[in-house]
Each structure stands twice: as structure tokens, then as C-alpha cells.
Amino acid sequence: MKNRSLMLMTIVAFGYALLYVPIISVIVYSFNDSRLVTLWGGFSLRWYVSLLSDEDLLGAALLSLRIAIVSATFATALGAIVALALHRVNRLRGRLLLYGMVTAPLVMPEIITGLSLLFLFISMADLIGWPASRGATTITIAHITFSMAYVVVIVRSRLAAMDESLEDAAMDLGGRPVAVFFDITVPMLLPALVSGWLLAFTLSLDDLVISSFVSGPGATTLPMLIFAKVRLGVTPDINAITTIIILLVAVAVATAAFVSGRRESAGLRGVR
Amino acid sequence: MNDSPPSPLVQIREVTKKFGGVTAVDRVSLDILRGELFAILGSSGCGKTTLLRLLAGFEEPTSGRILIDGADMTDVPPYERPVNLMFQSYALFPHMTVAQNVAYGLKKEHVPADRIRERVAEMLALVKLEALAGRKPEKLSGGEKQRVALARALVKRPKLLLLDEPMAALDKKLRQHTQFELANLQYQLGTTFVVVTHDQSEAMTLASRIAVMAEGRIAQVGTPGQVYEFPANRYVASFVGNINLFDGRVTAAGNGQLSVKCETLGSDELSVISGGEIAPGSTVCIAVRPEKITISRQAPEARDRNVIKGTVWDLAYFGDQSLYRVRLKSGAELQVSAQNLRRSEKMTVEWDDEVFLSWEVASTVLLQS
Chain F
1 MKNRSLMLMT
11 IVAFGYALLY
21 VPIISVIVYS
31 FNDSRLVTLW
41 GGFSLRWYVS
51 LLSDEDLLGA
61 ALLSLRIAIV
71 SATFATALGA
81 IVALALHRVN
91 RLRGRLLLYG
101 MVTAPLVMPE
111 IITGLSLLFL
121 FISMADLIGW
131 PASRGATTIT
141 IAHITFSMAY
151 VVVIVRSRLA
161 AMDESLEDAA
171 MDLGGRPVAV
181 FFDITVPMLL
191 PALVSGWLLA
201 FTLSLDDLVI
211 SSFVSGPGAT
221 TLPMLIFAKV
231 RLGVTPDINA
241 ITTIIILLVA
251 VAVATAAFVS
261 GRRESAGLRG
271 VR
Chain E
1001 MNDSPPSPLV
1011 QIREVTKKFG
1021 GVTAVDRVSL
1031 DILRGELFAI
1041 LGSSGCGKTT
1051 LLRLLAGFEE
1061 PTSGRILIDG
1071 ADMTDVPPYE
1081 RPVNLMFQSY
1091 ALFPHMTVAQ
1101 NVAYGLKKEH
1111 VPADRIRERV
1121 AEMLALVKLE
1131 ALAGRKPEKL
1141 SGGEKQRVAL
1151 ARALVKRPKL
1161 LLLDEPMAAL
1171 DKKLRQHTQF
1181 ELANLQYQLG
1191 TTFVVVTHDQ
1201 SEAMTLASRI
1211 AVMAEGRIAQ
1221 VGTPGQVYEF
1231 PANRYVASFV
1241 GNINLFDGRV
1251 TAAGNGQLSV
1261 KCETLGSDEL
1271 SVISGGEIAP
1281 GSTVCIAVRP
1291 EKITISRQAP
1301 EARDRNVIKG
1311 TVWDLAYFGD
1321 QSLYRVRLKS
1331 GAELQVSAQN
1341 LRRSEKMTVE
1351 WDDEVFLSWE
1361 VASTVLLQS
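Line order of the protein sequences matches chains F and E. Each residue of the first sequence is one higher than the one before, starting from 1 at the first, in this note's numbering. Each residue of the second sequence is one higher than the one before, starting from 1001 at the first, in this note's numbering.
Pasting the structure below:
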């Protein structure tokens, strides 16, 4: 009995080690004083300080944040609308097919998404003259298209758990459809909207492949910059940026989980 | 004084509702009177909830009209009808407090804030929930939620309050208590209530009149007494309460009575008071409620009574009453219930006893098949 639990613990520890040792080593080595990435030379914050004076890097970070915020906002709005439409219009023929098609980008290889978007932008530029050149705008549009799918899934699952008579009740009490939407539907969906936004934000911040396809001269996102730098050899300042990104993403994901978990249980209990 | 009957508050005229190929409500016409506590009773899928949603405005009839207080409401959306609905799930807004839930309807009417406060306090006092005004619905018990839902639905003083299975989510003990409270509240306010329920005892206790629905149509409308003692047809007879049914053929008619011979009863003939002209030879259905039957071991006096013989096949003792299943020679079974009026350890009728079953001719129900 005791042996068995010991074995289980070892397996679990091994699994988690596989997941987290690389990440932790990056964080640890970001505080390394040595210029060599693999050799420990004492504690230092010098790589973080050097980041602050690296204008390329700061520019790329700001661009990535801007793209992430704008694309997450649009993806959330559009994704919520799509989810509502798919949920509401139950007379819509082929609703399941449509839903499957909306969520297809979730499993689509990024290379294909990136390539097809690139073709789209090129042929659009030929046909209607827009977008004249590729850059931040095309990256943002590309990010909206793939992160929207995630928002649809999150909002739809929330809608499925929601008591539909809530909206009927509000309407019965004199709320016109628009008022009911803002009084009831939006507050009920808020946890899903928040977690959807945070997820879209993280996805956009992380994305390298699709961005690389649809980017143009002058628009370099943070992941693109890091990737370019690493090709010339890993320098310790990369560890520092990576640590900051890990922190940012972890906070976003934890917030999303907390918000949706807490509000969801409260909302569902209220419904029963 | 005005002797004319009160004008109906709700007039449902030949309303039909189809969903695709399914007819949920089939040419229903119904008048609901002002100040009435009306129940729509039926098993699930009989169309009663659709009828309720038609009244609330959530569904549009395929054909027919609905008039409320003389005004045609058929095409009026739910948010403009003088009607409120208490949902089966209560549908309390989970992100609002009890007071905010109750205030919602008034806010949408743009009632001034101080007036809203007053009315909300008034309604919460009416349902005895003043102390819980600041709570969120998730922190309420089932009974409390139901009272919040009721206060919220009544706060706008609707001309008509619809209640969808109001007791379904409550446990049995609370249910009985709440039934009386609801009936008292309705009497106090004078608002017209329409309760939809599948529970016949609930409909009987609450309502002044009941409409029994089956397969989208109204099978019978009447007071609880009429529906129970004078069922209009076989469906109502067997849906409301327990009943023994026999198919038979009229052998003789006269003196306002019919003699009916039933296959299952052998040579015995039953007498029943006939309502109208029924010619000998026509097939009818005879029904009698279990509590109308007297069970005895001695032969009873047969004047104005129907008497048949059988054997006690099964009996269930409930303390206050006993239920007997008596098997006739033909193999048919009758249910008989008897109040245990005398205090006694030993029952007068036991298993396998040969017994006489008798009931008044006047208690015999004639159903035309």
C-alpha cells in the first residue's frame, strides 16, 4: 500500500517536473549574473535593467500589447455575438454545422491559418487596394479571427448553463429586448466575457507563427523579436523577457479561471 | 344591483398554436373571470404551459385571438401586457438582491425612486421577507425564493398573474402550507390568478374553477366539485382522482333512470340517473368513485342502491382509511376506500372475505362513450 502511493507520487512528480523544470530554469537563469546562459555566476538584475534600455525590445513589447488588447476586445465582442446568434436562433438550419465551422480554427494548424490569411490579404490588396501594406493592422485582424473561436466556445458554454427563463422574466416585467440584453444577458455572461477576453489576449501575446505570416516590414511583435534573437544565439536578456511574459500570462490565466469559476458557481446556484 | 354575470377578464377565442407539425394548443376557447383563481390542469405535454406562454405573450398563436380586459392582446409583446408570470424555476436574477429583483419591473416602468422603495417594501412585507431584502437569491431557501418570485410578479399590480407550477420546486410539507397562503393572498389582493399545474390536489385546493386539458384541448371547465363529481368524459373521470369504470349497454330507460348491463358485472344490472334521452341499446360508460362505495359482509338494503358481489383481493390499511381491491367473478377489480370510523384493532373486512359492494344510484356517474 505504502509502496503504491510512493510510486504514484513519483509519477506525479515526474510529470510536473517535465512541465515546470524548463520554465523554472528560465526564470532562475534570468537572474544569472553570468553572460553564459548555462553557467551560474551569481544573482543579478542586470538583464532586467538592460531590457529597459533596449528600444527594439520595448517597441516590440508595446506593439504586442497593443495588438493583444485591440484583438482581444474585438474577438470578445464578435465571439459573443456569434455565440448568442447560434444559441438563440434555434430554428437556424444546420446550427451544429455552423458551430463546428466557427470552432474549426481551434484545431486548424497555425501554418495553414497564417498562410491562408496571408493569401487573403494579398488578394484583397490586389482587388480593393486594402490593406495597402501588411503590418500591425493585418496582424490584429489575423488574431481576431483565430481567438474569436475560443470566445465563442466559452460564451456558448455559459449560455448553455444559463436559465433561459431569466430573459423571459425580465421581458415579462416590462424590459424591452435591448434593455433585457444589458440588464440580464450581459451581466450573466460577464464571467465568460472576461475569461474570453483574457484568453484572447494571451493567445495574441503568444502568437508567433500567424503573426510572422501576415506581418510586414516594421511590424515586429515580441515573440517575433525573441525568435529572431534566439536564432543568433540565446542571450540572458531573453530569459528576462521570457520571465516577464510568463508572469503576465500566468496572471491573466489565473484571473480568468478565478473570475469564471467564482461567478459561474454563484450564477448557477442562483438559477437553481 | 347588477345581476348580469361579471364580464370575463380573459377571453381566449379559438386559439391554436402549432410548433412545426405538432399542435400544442388546439382551438381552445376559454373565459377567465375577474378576481378568479383559475387552474389549468393537465399531464405534461397537454399544452397547458404553451397556453400560459400564449397568455404571457411569449408565443404568438397560429390562429385565434386573446383578449385581456376587453383589449386584443394577440399581437402585444410580453413587456406591454398587463400580465405577469411567476416562472416554475422562479427565474430570479442571480446578480441582483431580493429588493433589486422586486424593483426591476417598476424601474422598467420609470416609477420614481422613492415610490419604488415604498412599493418594494410593501411587497416584501406582504410576503414576509423584509429581513432578506439585501440578500442575493443564492442565499435563499426554496420557499423564500418562491416568495420573492411572487412579490416580483405582483409588484406591478398586474391585471392577471400567471403561475407556472408554483409549488413544483417545494417539498411536500411546505407545499400544503404555501397553497393556503397563496389562496389567501389572492383573496386579499383580488388579482386574477391563473395557475398551471399537473397536480390535481393542488388545483382542487387552490382554484375556484379548473380547466382540465388533454392533447391541446379543454376537456372540461368547472368548479373542483363539478370536475370531480360530474366529469364530462372518460378522460376527466380517470385523470382527476381515482375511479372505477365499466363499459355497458343500456337495457331499459324510464323514470329518469337507465338500467345498464355491463359485461364485467355478469348478470347484475346497474341503475344510473340519466341526464338526457338515451335510447336502450346504446353503449355507455358507468363510473363510480372508490369512496362512494360501501363495503360489507352482510347484504345491504338494495333500495336506490347498486349492489354487486366480490372477494377482497387486496387491502391497504392507512390508519385513517383503508383501501380495498375487490375482485369480481369476471376477474375485474374495483377499488373501494373506506374511512375507519370505529376504533378497533381488528378490521371488519379481511382478505378473501366475500363482500357486498353497494353505492347509491345517485352517486353513479354516467359517461357517454
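In this text, a Cβ means the ideal position worked out from N, Cα and C, and glycines have one as well.
May I have the straight-line CA-CA distance separating Ser1044/E from His1198/E, to the nearest angstrom? Spanning the two alpha carbons is a distance of roughly 7 Å.
Alpha-carbon spacing of Gly1204/E relative to Ile1210/E, whole angstroms: Sequence inspection shows Met at residue 1204/E; the Gly mentioned does not correspond to that position. Distance between Met1204/E and Ile1210/E, taken at the CA atoms: about 8 Å.
Using only the alpha-carbon positions, how far apart do Tyr1079/E and Val1111/E sit? The C-alpha of Val1111/E is placed about 15 Å away from the C-alpha of Tyr1079/E.
Would you mind telling me which residues of chain F sit closer than 8 Å to His1198/E, beta carbon to beta carbon, in chain order? Within 8 Å Cβ-Cβ: nothing; His1198/E doesn't reach chain F, min ~18 Å.
Considering only residues of the same chain and omitting the five flanking positions on each side of Asp1353/E, which have a CB-CB separation below 8 Å? Answer for Asp1353/E: Arg1297, Thr1311 and Val1312, listed in chain order.
Test: Ser1141/E CB closer than 7 Å to a CB of chain F: No, no contact with chain F.
For chain F, check one thing: does any of its Cβ atoms lie closer than 7 Å to the Cβ of Gly1134/E? Not a single CB atom of chain F sits nearer than 7 Å to the CB of Gly1134/E.
Can you name, in chain order, every residue of its own chain whose Cβ lies under 7 Å from the Cβ of Ser1029/E, other than the five neighbours on each side? By the criterion of a C-beta distance shorter than 7 Å, Ser1029/E is surrounded in its chain by Ile1012, Arg1013 and Glu1014, once the five residues flanking it on both sides are discounted.
Same chain only: Cβ atoms within 6 Å of Ile210/F, ignoring 5 sequence neighbours per side: Closer than 6 Å at Cβ, skipping near neighbours: Glu110, Thr113, Gly114 and Ala142.
What number of angstroms, rounded off, separates the C-alpha of Ala72/F from the C-alpha of Val151/F? Each residue's alpha carbon lies about 9 Å from the other.
Three or more C-beta pairs below 8 Å linking the stretch 46 to 63 of chain F and the stretch 184 to 192 of chain F: Cβ pair count under 8 Å is below three, so no.
In whole angstroms, what is the alpha-carbon distance linking His87/F and Leu159/F? For His87/F and Leu159/F, the distance between alpha carbons rounds to 7 Å.
Does Pro1078/E have its Cβ less than 7 Å from a Cβ in chain F? Yes, its Cβ sits closer than 7 Å to a Cβ of chain F.
Closer than 7 Å at the beta carbon, the chain E residues around Ala169/F: Near Ala169/F (Cβ distances below 7 Å), the residues of chain E are Phe1087 and Ala1091.
Would you identify the three-state DSSP class for Glu1269/E, choosing helix, strand or coil? Here Glu1269/E sits in strand by DSSP.
In whole angstroms, give me the CA-to-CA distance for Ile1243/E and Asn1233/E. Each residue's alpha carbon lies about 12 Å from the other.
Rounded to the nearest angstrom, what separates Arg1119/E and Leu1055/E at their Cα positions? Computed Cα separation, rounded: 26 Å.
What is the rounded straight-line gap between the Cα of Gln1257/E and the Cα of Gly1216/E? In this structure, the straight-line span from the alpha carbon of Gln1257/E to that of Gly1216/E is close to 34 Å.
Beta-bridge partners of Trp1359/E, as assigned by DSSP: Residue pairing from DSSP places Trp1359/E in a beta bridge opposite Asn1306/E.
Between Arg93/F and chain E, is the shortest Cβ-Cβ distance under 7 Å, so that the two count as touching? Not closer than 7 Å to any Cβ of chain E, the Cβ of Arg93/F fails to qualify, so no.
Are the C-beta of Glu1165/E and some C-beta of chain F separated by less than 7 Å? By this cut-off, Glu1165/E is not an interface position.
Does the beta-carbon distance from Leu1092/E to Val1148/E come in below 7 Å? Result yes, Cβ atoms of Leu1092/E and Val1148/E sit closer than 7 Å.
Helix, strand or coil: how does DSSP classify Asp168/F here? It is helical.
Cβ contact (3+ pairs, closer than 8 Å) linking the stretch 1183 to 1199 of chain E and the stretch 1037 to 1053 of chain E: In the pairwise beta carbon analysis, the stretch 1183 to 1199 of chain E is classified as touching the stretch 1037 to 1053 of chain E: at least three pairs are separated by under 8 Å.
Check for me: the beta strand (DSSP E) holding Lys1139/E runs from which residue to which? Premise fails: Lys1139/E is in no beta strand (DSSP E) and is neither H nor E.
State the DSSP-derived secondary structure class of Val1120/E, mapped to helix, strand or coil. Three-state DSSP puts Val1120/E in a helix.
Interface residues of chain F around Gly1105/E at Cβ under 7 Å? In chain order: Leu173 and Gly174.
Taking CB distances under 7 Å as the criterion, tell me whether Leu166/F reaches chain E. Judged by the 7 Å Cβ criterion, Leu166/F is in contact with chain E.
In the stretch 1180 to 1231 of chain E, which residue ranges form an unbroken beta strand (DSSP E) of at least 3 residues, counting only runs that do not cross its ends? Counting only runs of 3+ residues, the beta strand (DSSP E) found wholly inside the stretch 1180 to 1231 of chain E occupies 1192 to 1197, 1209 to 1214 and 1217 to 1222, in chain order.
Go ahead and label Phe1239/E buried or exposed: buried means 16 or more other beta carbons lie within 10 angstroms of its beta carbon, across all protein chains shown. With 16 or more Cβ atoms within 10 Å of its Cβ, Phe1239/E is classed as buried.
For Phe1246/E, the first and last residue of its enclosing alpha helix (DSSP H): From DSSP, Phe1246/E is part of no alpha helix (DSSP H) but of the beta strand (DSSP E) over Asn1244 to Gly1254.
Straight-line Cα distance separating Pro1008/E from Val180/F: Straight-line spacing of the CA atoms in Val180/F and Pro1008/E works out to 32 Å.
What span of residues does the beta strand (DSSP E) with Val1336/E cover, start to end? Unbroken beta strand (DSSP E) run through Val1336/E: Glu1333 to Gln1339.
Taking Pro1280/E and Thr1251/E to be in contact with their CB atoms under 8 Å, please state how far apart those CB atoms are, rounded to whole angstroms. That belief holds up - the Cβ atoms of Pro1280/E and Thr1251/E are roughly 6 Å apart, short of 8 Å.
Would a check of beta-carbon distances place Pro187/F closer than 7 Å to chain E? Yes, its Cβ sits closer than 7 Å to a Cβ of chain E.
I need the boundaries of the beta strand (DSSP E) containing Gly196/F, first residue and last residue. Where Gly196/F is concerned, there is no enclosing beta strand (DSSP E), although the alpha helix (DSSP H) it sits in stretches over Val186 to Asp206.
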